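Following: one structure in structure tokens, then a few remarks.
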Amino acid sequence: MTLHIDIPQETLGSILAKAFRNRSFLIGFAITVLVAAIAVISYVWTPYDVTQLVISDKTLAPSAAHWFGTDHFGRDILSMIMVGARNSIAVALVAVGIGMGVGVPLGAFAAARGGLVDEALMRLTDLVFAFPALLSAIMITAIFGPGAINAIIAIGIFNIPVFARVARAGALAIWPREFILAARAAGKSKAQITTEHVLPNIATLLLVQGTIQFALGILAEAGLSYVGLGAQPPMPSWGRMLFDAQTRMVVAPWMAIFPGMAIVVTVLGLNLLGDGIADILDPKSRRQR
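Count along the sequence shown from 1, add 1288, and you get the number used in the working numbering.
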């Protein structure tokens, strides 16, 4: 039986051609790749050692020696932003993986079963969704202490109901389709139909949602680090850098400007990337635009 795909059957070359014509995708992709490259490079090289304190160089303005200036401990801000990028990306990536890995099967299962099972699972996701990532992090850190791992768990738990609802909504739109009825008439089980037909047809929806949640995960990680619940010193974090800068805005504004811009540019890039992917792969989105 031929699999029905809601997206037109296009060659890879055709998709790439549309990608190169999509300004949103190109800008978002370029920003995302740049941030990822900076994070990777920081594993092998940074201009300065981010754990080394040089009090004599504290709050130096941007210069040829320190492009982004130094903080109140004399640490190079550019180096800290580079290391902070890998921390933010790692936390957001794993947290989105947790949310997608648990939420998508949960939502697809709820749509396939329907009835009381669907209702019970959705009310469970409502209960989890009632606890934002910050509140979950506070509860987790109260038991296990602050740290990047606990921030990942908190953000991941918050992502589960998001992906569950998206997967369920997409699956419910697919189940009444004729090719699903044909698959059921052919004797396929609900599990087979879900994996072979439903999930491939909502893959684009999940991919776009994944980029959105990735951007929100970076914001959430920065927020948790800002209140001291994320990565702990001496590991740099964009949110922690903003916290350290809040009382020095007059004497050293660059301490807040550059990590703040890092967060803004990264989140903007991911949102543009997700918007571009939707335009390229989703024909309904293209028609609406």
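Using N, Cα and C, we set each Cβ at its ideal position, and we do this for glycine too. None of the values given here were measured: they were computed from a predicted structure.
Based on Cα-Cα distance, which residue from the options lies nearest to residue i?
i: F1397; options: M1368, K1478, D1563, L1495; result: K1478
i: A1461; options: G1391, V1486, N1438; result: V1486
i: A1281; options: A1540, G1564, L1560, V1553; result: An answer regarding residue 1281 cannot be provided, because it is not within the stretch 1289 to 1577 covered by the chain.
i: G1564; options: G1458, A1305, S1330, S1312; result: S1312
i: Q1534; options: Y1514, V1384, M1410; result: Y1514
i: M1537; options: D1359, L1409, A1457; result: D1359
i: G1562; options: A1305, N1310, A1378; result: N1310
i: A1378; options: A1436, R1465, R1456, M1543; result: A1436
i: F1467; options: R1456, I1481, R1374; result: I1481
i: A1455; options: F1317, L1517, A1400; result: A1400
i: V1371; options: A1519, I1545, I1448; result: A1519
i: I1365; options: I1386, I1343, A1408, P1335; result: P1335
i: G1505; options: G1403, A1373, W1463, H1354; result: A1373
i: V1450; options: L1495, S1344, A1307, A1470; result: L1495
i: H1354; options: A1430, I1343, S1367; result: S1367
i: I1448; options: R1411, G1403, I1431, I1545; result: R1411
Who are the near neighbours of residue i in its chain, counting only those whose CB is closer than 8 Å to its CB and skipping five residues on each side?
i: I1303; result: I1568, L1569
i: F1502; result: A1380, L1381, V1384, L1558
i: I1428; result: N1438, I1441, A1442
i: A1305; result: none
i: K1476; result: E1484
i: S1351; result: G1357
For residue i, report the span of its alpha helix (DSSP H) as first-last.
i: E1484; result: Neither: E1484 is in no alpha helix (DSSP H) and is coded neither H nor E.
i: N1559; result: 1542-1569
i: D1414; result: 1403-1417
i: D1532; result: 1526-1533
i: A1473; result: 1466-1473
i: T1339; result: Counting along the chain, T1339 falls outside any alpha helix (DSSP H), and DSSP gives it neither H nor E.
i: R1311; result: 1311-1329
i: G1645; result: Past the boundaries of the shown model lies residue 1645; the chain is included only from 1289 to 1577, so the question cannot be answered.
i: A1430; result: 1421-1432
i: F1446; result: 1436-1462
Residue i and residue j look like a contact to me (Cβ under 8 Å); what is the Cβ gap, rounded to whole Å?
i: P1547; j: I1369; result: 6 Å
i: S1376; j: A1510; result: 7 Å
i: L1341; j: F1356; result: The Cβ separation is near 17 Å, so there is no contact.
i: V1338; j: R1363; result: 6 Å
i: A1418; j: L1512; result: Contact doesn't hold; Cβ gap of about 18 Å is too wide.
i: M1523; j: D1532; result: Rounded, the Cβ-Cβ distance is 13 Å, inconsistent with contact.
i: L1517; j: P1434; result: 5 Å
i: G1444; j: I1386; result: 3 Å
Looking only at its own chain, which residues have a Cβ that is under 7 Å from the Cβ of residue i, when we skip the five neighbours before and after it?
i: F1446; result: P1420, A1421, S1424
i: G1498; result: V1384, M1388
i: R1577; result: With a pLDDT of only 44 at R1577, under the threshold of 50, the placement of this residue in the model should not be trusted, and no figure is reported.
i: L1493; result: V1454, G1458
i: V1553; result: I1319
i: S1330; result: M1370, V1371, A1373, R1374
i: I1490; result: A1455, G1458, A1459, I1462
Who are the near neighbours of residue i in its chain, counting only those whose CB is closer than 6 Å to its CB and skipping five residues on each side?
i: A1452; result: G1391, L1394, G1395, T1413
i: I1551; result: A1510, W1526
i: F1317; result: L1561
i: I1240; result: Limits of the chain in this structure are 1289 at one end and 1577 at the other, which puts residue 1240 out of reach.
i: I1326; result: M1370, A1373
i: A1307; result: F1313, I1568
Less than 7 Å separating the Cβ of residue i from some heavy atom of the ligand FMN?
i: P1522; result: Annotation note on the ligand FMN: not contained in the displayed structure, which lists no ligands.
message: Taking contact to mean 3 or more Cβ pairs, one atom from each stretch, closer than 8 Å, check whether the segment 1546-1563 and the segment 1310-1329 are in contact.
response: Yes, they touch.
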